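Written below as structure tokens is the structure these notes are about.
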Amino acid sequence: MDKNARIYIAGHRGLVGSALMRNLRARGCTNFLTRAHAELDLTSQAAVDAFFAAEKPDYVFLAAARVGGIHANNTYPAEFIRDNLAIQTNIIHAAYKNNVKRLLFLGSSCIYPKLAPQPMKEEHLLTGPLEPTNRPYALAKIAGIEMCWAYNRQYGTQYLAVMPTNLYGPGDNYHPENSHVIPALIRRFHEAKLTSAPSVMVWGSGTPKREFLYSEDMADACVYLMNLPDAQFVPLLGQDRNDGLPPLMNIGVGHDLSIRELAETVKDVVGYQGAIEFDAAKPDGTPRKLMDVGRLNAMGWKAHTGMREGLARAYQDFMAANAH
């Protein structure tokens, strides 16, 4: 990507989009096209078409989505499938009509079957039933991957989908009810430290294993892929085939840890002195969700932020955000 290229990051305020902005800025890119939700309704085809026609982006990072945890997915399944299908359909088609050079579409680990083999490879897509609680969201994301593939084959576009594992980092959502496991644990241990609480309760048995990727590493992998020369990038796109591998690339660290190990590390980073208790009556979720990142590693990219280092930075970010 040329440093003066016009780059549109859809969802630039989120955990993913803001990390992409920081990474591109650090590489000298300055020509960003950004619109907050109030300025551009991505579910409106007319609004997206007008934006693309006027601004003519060279590169698009499609990180905008309606997202949420199990509770939100269960409560608003209609919005999750409708809004996500609309957002990605509008952007992908407008990118084609306005000759965008490359587009990167961000998926979610729930696209893989509920009982996919571990670690999960790109070719495991559509090989089994999905987790019912987030199926509407997952199906929308799968449709986005298929749409990238269809446009690549029919129109010769260069649209790649990436599948990051569980993310955490600066700008995360630390809401007491609606946050994911790492921000939730950071908040809980921090509040327990402030009140000198004797123990902190963690949901579930502590035995499920999860993989976590620092958001700055995720952004680095995305930009690395977008900067690949044609000789490496084009074979990923499935322009010449309608079987086998979709235009999809896993992004992760390639190893996981148990929720118990995670809780102990967060406790240590926060400096909480009390005990950890596990509420085994609460649900554990899937026993394991690990990405196979062999293809990305073979192309020359590896994650470089260790878990403790990433958690320490995330805790600093939480403290800064809650300093008022």
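Each number in this note's numbering corresponds to the 1-based position in the sequence shown with 253 added.
Where a beta carbon is used, it is the ideal one built from N, C-alpha and C, also for glycine.
Note that this is a predicted model, so its numbers are computed, not measured.
Supposed close pair residue i, residue j - CB separation, criterion 8 Å
i, j, result
"Leu-478", "Leu-413", "6 Å"
"Ala-325", "Val-269", "The pair is not a contact, with the Cβ atoms about 17 Å apart (cut-off 8 Å)."
"Phe-305", "Lys-350", "7 Å"
"Phe-531", "Val-455", "5 Å"
"Pro-366", "Thr-386", "Rounded, the Cβ-Cβ distance is 14 Å, inconsistent with contact."
"Ala-289", "Arg-266", "7 Å"
One or two residues paired with residue i in a DSSP bridge
i, result
"Arg-355", "Tyr-312"
"Asp-532", "Trp-456"
"Val-415", "Leu-359, Met-502"
"Ala-350", "The question names Ala, but residue 350 is Lys in the sequence shown. Looking at the DSSP assignment, Lys-350 forms no beta bridge with any residue, so it has no partner."
"Phe-285", "Ile-260"
"Lys-542", "Arg-463"
"Ser-511", "Lys-462"
"Met-373", "Met-544"
Straight-line gap, residue i to residue j (C-alpha atoms, nearest Å)
i, j, result
"Ile-529", "Gly-457", "12 Å"
"Gln-526", "Gly-422", "24 Å"
"Leu-277", "Pro-536", "39 Å"
"Gly-459", "Ser-511", "6 Å"
"Glu-430", "Phe-442", "15 Å"
"Met-502", "Arg-335", "25 Å"
"Pro-451", "Thr-518", "18 Å"
"Leu-338", "Ala-393", "5 Å"
7 Å Cβ cutoff met for residue i and residue j
i, j, result
"Gly-505", "Glu-464", "yes"
"Pro-372", "Asp-545", "yes"
"Ile-364", "Ile-395", "yes"
"Cys-401", "Phe-358", "yes"
"Asp-578", "Pro-436", "Since the first residue shown for the chain is 254 and the last is 577, residue 578 is missing from the structure and cannot be characterised."
"Ala-347", "Leu-356", "no"
"Phe-571", "Tyr-427", "yes"
"Asp-311", "Ala-258", "yes"
"Leu-378", "Pro-499", "yes"
"Ile-340", "Leu-295", "yes"
"Gln-492", "Asn-405", "yes"
"Lys-462", "Asp-509", "yes"
"Ser-362", "Lys-542", "yes"
"Tyr-568", "Ile-439", "yes"
Quiz item: Can you give, in chain order, each stretch of the alpha helix (DSSP H) that sits fully within the region 377-447 and has at least 4 residues?
Solution: 388-408
Next item on the list: Could you tell me which uninterrupted alpha helix (DSSP H) segments, each at least 4 residues in length, are contained entirely in the region 456-490, listed from first to last along the chain?
Entry: 468-479, 483-486
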